[in-house]
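Which chain is which? The protein sequence lines are A and B, in order. By my numbering, the letter at position 62 of the first sequence is numbered 62, and the numbering carries on one by one without gaps. Every number in my numbering is 1000 more than the matching position in the second sequence, counting from 1. Don't be surprised by glycine CBs; every beta carbon is placed ideally from N, CA and C. A short write-up of the structure that comes next.
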Amino acid sequence: MIASLRSMSAKRLGGLLVLALIFLIPAFVNGDVLKLQEYEYVLSFVLVCIGLNVVTGFAGLLSLGPTALFGIGGYAAVIVANDYPGVGLLGMCVVGTVAAGLAGLIIAIPTLRISGFYLAISTLFVALLVPAVANNLSLTGTDVGISLLANPNFSFSISGTGLYELIAVIVALTIGLSWLLLHSRIGHRFLTMSSSEELAASLGMPTYRIKILAFVLSSLPAGLGGALYVYSQGFFSPGSVTQQITIYLLAGCVVGGFGTIYGPVVGGCLLIGLSQSLGSVSKYQGVIFGLILIFFAVAFPVGIVGLLTGRGRKDAQWWHSARGMWNRFLVWVEESSAPRSFAQRETRTATTEAAAASAATDPDTLLIEGAEKSFGGVRAVAGVNLSISPGTVHGLIGSNGSGKTTLLNLISGFYRMDAGTVTFGGQTLSHLSAPEIARAGIARTFQTPLLVRSSTVLANVTSAAEQAIHAGGFASMFRLPAARRADRAAREVALDALMSAGLRDVADVRVGELPHGLQRLVEIARCIALRPKVLMLDEPGAGLSAREIVALRSLITEVAGAGVGVLLIEHNVPLVLELADEVTVLHQGTVIAHGEPSYVGSHPEVVQSFLGRSQATFSASTGEQS
Amino acid sequence: MLFANAVLAGIAVGSVYGLLAIGYTVIFSATGVFNLAQGDLIMCAVMLSYVMLDLAHVPQIVAFLVVIVGLPVLALIEERTVVRPFLSRGKYNIGWFISTLAFSLIVETVVTIWYGNNPPAAIPSPLPSTAVRVGGLSLTWQQLLCVFALVVVTVVLDLFYRRSWLGTAMRATSEDRDIASLRGISPNRMSALAFAISGLLAGIAGFVIAPILFADPTIGLTYSVKGFIALAIGGFGSMRGAIVGGLALGIGEQLFDLYVSPQFEIVAGLILLAATLTFFPRGVFGGRGVRTV
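Pasting the structure below:
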């Protein structure tokens, strides 16, 4: 027994301790039913915190109104139980959970189409709306609410310690479910998305749907909590879902630690428990909790559990992703207030059809024709043609600001083209979204590596492999046989990709702890795990040591050898000239030279304007390389 | 005629929502912060008017001066304690999202404790209580004052942004913080200035709406959300969007009161928000070439 305890990680031991405390509460209250009822009150709100953690802690979406869905679930349960006393506890739980889930779906679909910020404020709005409306609605019993205690037909089949332990079991099960969720395909997608939405899109993840799923999943425990509240307290009224409680629940998760399994449980118990036991100073609780919340937000955004599990004081993922959400919102506002041109859009549809026809001749070649993109008055990409054939390396060089990365962003769907087309496999890609383009087999890396820094190298690459090897998200969460096989296969694919990149030794190292050069290689390994048909590398050699360059060179050769078309954007011109089968040179958004490396390398205009040295010395240096 | 009167009343209430939304926009443009305590600033202005007029019995003009000095001070306290610590930690640091909400909770708790469990008290108006009648249309002087306040604020702010050095500096900051600070414009001072202006707007809005609204310390968060709805309707980042959104929300609420039920007024905001999300996802003025500020 002692030995098995010792072999357990401290983290798991701490979790067990928390659960044990929750289960042992009845031993401390000596059968005081009213006291138990207070603890039941706390646990029903802890369920809301666990849900909030799914959407904010795991998926990185802020939700400022956690009581919105708690209130909807609670009211649904109490109304149904009052009218149909026969439904019993189980029926109430089902009603509350389903009602909250549906409400969550209705809130998420329109708001998330615009911005995570809209979701955050809209949930807050609904949290204020539920009690305000219920206060005047006879269906919800107006300001006194609905009491099941006053209903002679409703019988409480379970009460006292039995009810408390049942709720404790439900809380423990929900914690278990949230653990399973985090360690499943769905959880991996949430983490990837919370670390960077662009990254998730580049791996082919449907970000809009994932966000909706996250919010709906977070609503379910909130609704369940509402139903349990009704059963244990015997009533539901506008006073059950005040705007103060909404902020206390948020504070509970922040204090406990968003993104950890036990953080919201610990924080929720502490803060809601505290709000129940403040006694004479309880009227000041808004001030006390407000100060606690500000203190943690400033000093310890990782929360208590985050601190204990050694995440570092400031490395709070939810903060990072909320910042990403806000920055995207600011960009969206800027776009909204910029004038848009409609003329350009028409030219695009005209060229689309022409290009689709010409692409039919060679379906496996990625074909870019007449790509155009302007930012304000600057033509960043002005009519570029480019093709990437399977099994070849196409080098793209040019000075800073020549439009290389913009072109890559156009191809991968991160920017919309003003005109021009991208076709691949007989399919026009230029009107597709970034995830759709990724799923068509076009993978890319980023100039500044985008990685889930708190996860291991293997986890980062596995989340990409899971995009290539399909299995149901929930099947993966519940470890169903078929999904387990697929998950194992994805792991194998990831390990293979790490092997080719020479990263097998660091598979279990957290990405944040890796040197910069290796992080670039992890990005490429992640792309390989996607099993792409075309791989676009954005300055993969930047910041790499000489040894890492050697690894990179053999990796690119190997990838192209496997039949993948490679687009290589790079400032290390000798490396490009050595690896590439053809080279395109961009200058101020237009192609100034295109052809075989030997031709481009000796092209006078190229040598003069980009390589910055005389032709003679340049030829000498490439000569040495080959 | 009922319809027209409801629209008029809506314009009056909507003027206050417009002031609220402009308050958001001023801070948003200069600092990239969405001040979730903006509604509580208005609540404080209402309560301060109550203190001055109902308890201290000072003349209206004195009460007005106290409110429009007191609110910028409160807003500056907010800026210094819960916003600046985050702004100075790198671009668009997000902690203010939580801390402005916490600030709203603290302010509301303090005012609620002080006010106690009393029902909302009436606050006297500086103007005669008779209605202004034109044909079948009627509006109280106080309601006219709300509209007048919005018009004055809009004109003055516009002049400030266009003509004064500080206004130009604020516009520069909203355009590009980094470049502005290279030109010697301190982002911290701009953020303080934005909060002070926003506090002033909240003071004016609170003072003119106080006689219509009564003293109620719990309206803050609801007003904060209403300001968001106004911006979502009109479009974020522009003064025009803020005004149009505010007026639309006010008119929508009054029509809802007339044709559905005043008890469920808050639902009007929900309907307008849902309609906007469906038909104008970027707001009515989104994508029409409206400049920031």
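Can you check whether the CB of residue j is closer than 7 Å to the CB of residue i?
i: V1083/B; j: I294/A; result: no
i: M441/A; j: P532/A; result: Residue identity check: residue 441/A is Gly in the sequence provided, not Met. Yes. Within cutoff.
i: R140/A; j: Y41/A; result: At residue 140/A the sequence reads Thr, which differs from the Arg that was named. Result no, Cβ atoms of T140/A and Y41/A do not sit closer than 7 Å.
i: F1214/B; j: A1122/B; result: yes
i: M477/A; j: L180/A; result: yes
i: G1246/B; j: V1046/B; result: no
i: V1007/B; j: I1251/B; result: yes
i: V393/A; j: A560/A; result: yes
i: L1019/B; j: L1201/B; result: yes
i: T174/A; j: P221/A; result: yes
i: P435/A; j: P206/A; result: yes
i: V511/A; j: V457/A; result: yes
i: K11/A; j: T309/A; result: yes
i: V583/A; j: P574/A; result: no
i: A1131/B; j: S1125/B; result: no
i: Q447/A; j: G204/A; result: no
i: A1012/B; j: V1147/B; result: yes
Cβ closer than 9 Å: which chain B residues qualify as neighbours of residue i?
i: W326/A; result: G1032, F1034, Y1092, I1094, F1097
i: L124/A; result: L1036, L1101, L1221, S1224, V1225, F1228
i: Q244/A; result: L1105, E1108, T1109
i: Y39/A; result: Result: empty, since nearest Cβ-Cβ is about 25 Å, beyond 9 Å.
Could you work out which residue in the options is closest to residue i when comparing CA atoms only?
i: S1186/B; options: E1175/B, G1199/B, M1170/B; result: M1170/B
i: L213/A; options: A201/A, L224/A, Y248/A, L61/A; result: L61/A
i: G425/A; options: G116/A, Y284/A, I437/A; result: I437/A
i: Y1223/B; options: Q243/A, F117/A, L396/A; result: Q243/A
i: G306/A; options: P264/A, L274/A, G273/A, L271/A; result: P264/A
i: G86/A; options: G101/A, R113/A, P152/A, S321/A; result: P152/A
i: L1074/B; options: A1172/B, S1104/B, N1093/B, A1004/B; result: S1104/B
i: F1086/B; options: I288/A, F300/A, A382/A, A103/A; result: F300/A
i: Y1017/B; options: F1280/B, I1204/B, F1285/B, Y1259/B; result: I1204/B
i: M536/A; options: P481/A, A443/A, A580/A; result: A443/A
i: A100/A; options: R323/A, T123/A, I106/A, L69/A; result: L69/A
i: S237/A; options: A419/A, V133/A, A322/A, F215/A; result: V133/A
Report back the beta-carbon spacing between residue i and residue j to the nearest angstrom; my notes put them in contact at under 8 Å.
i: S44/A; j: I158/A; result: Incorrect: roughly 15 Å between the Cβ atoms, too far for contact.
i: I388/A; j: T365/A; result: 7 Å
i: E1108/B; j: D1216/B; result: That pair is no contact at about 11 Å.
i: S412/A; j: S202/A; result: 6 Å
i: G286/A; j: I1106/B; result: 6 Å
i: G541/A; j: I549/A; result: 6 Å
i: L503/A; j: L518/A; result: 7 Å
i: V281/A; j: L271/A; result: Incorrect: roughly 15 Å between the Cβ atoms, too far for contact.
i: S433/A; j: V422/A; result: Incorrect: roughly 13 Å between the Cβ atoms, too far for contact.
i: A200/A; j: A77/A; result: The Cβ separation is near 35 Å, so there is no contact.
Cβ closer than 7 Å: which chain A residues qualify as neighbours of residue i?
i: P1085/B; result: V298
i: R1282/B; result: S336
i: I1233/B; result: Near I1233/B there are no residues of chain A at all, since even the closest Cβ is about 12 Å away, more than 7 Å.
What are the boundary residues of the alpha helix (DSSP H) that includes residue i?
i: R1133/B; result: Not the alpha helix (DSSP H): R1133/B falls in the beta strand (DSSP E), residues 1131 to 1134.
i: D581/A; result: Premise fails: D581/A is in no alpha helix (DSSP H) and is neither H nor E.
i: H516/A; result: 516 to 529
i: K404/A; result: 404 to 411
i: K35/A; result: 33 to 52
i: T1222/B; result: 1220 to 1234
i: L367/A; result: No alpha helix (DSSP H) contains L367/A, which is instead part of the beta strand (DSSP E) from 366 to 375.
i: F1064/B; result: 1060 to 1078
i: V1111/B; result: 1095 to 1115
i: T1278/B; result: 1266 to 1279
What residues of chain B sit near residue i, judged by a beta carbon separation below 8 Å?
i: N82/A; result: Within chain B, no residue comes near N82/A; the closest Cβ sits about 22 Å away, beyond 8 Å.
Could you check where the beta strand (DSSP E) with residue i kicks off and where it finishes?
i: I288/A; result: I288/A -> not in any beta strand (DSSP E); alpha helix (DSSP H) instead, spanning 285 to 299.
i: N385/A; result: 378 to 388
i: F424/A; result: 419 to 424
For residue i, return the contacting residues in chain B, with the cut-off set at a CB-CB distance below 7 Å.
i: N136/A; result: Q1263, F1264
i: K211/A; result: Those within 7 Å of K211/A in chain B number zero; the least Cβ separation is about 15 Å.
i: I121/A; result: V1225, F1228
List the residues of chain A whose Cβ lies closer than 8 Å to the Cβ of residue i, in chain order.
i: L1277/B; result: P110, T111, R113, I114, Y118
i: I1185/B; result: Correct list: empty, because the minimum Cβ distance to chain A is about 19 Å.
i: V1267/B; result: L129, V133
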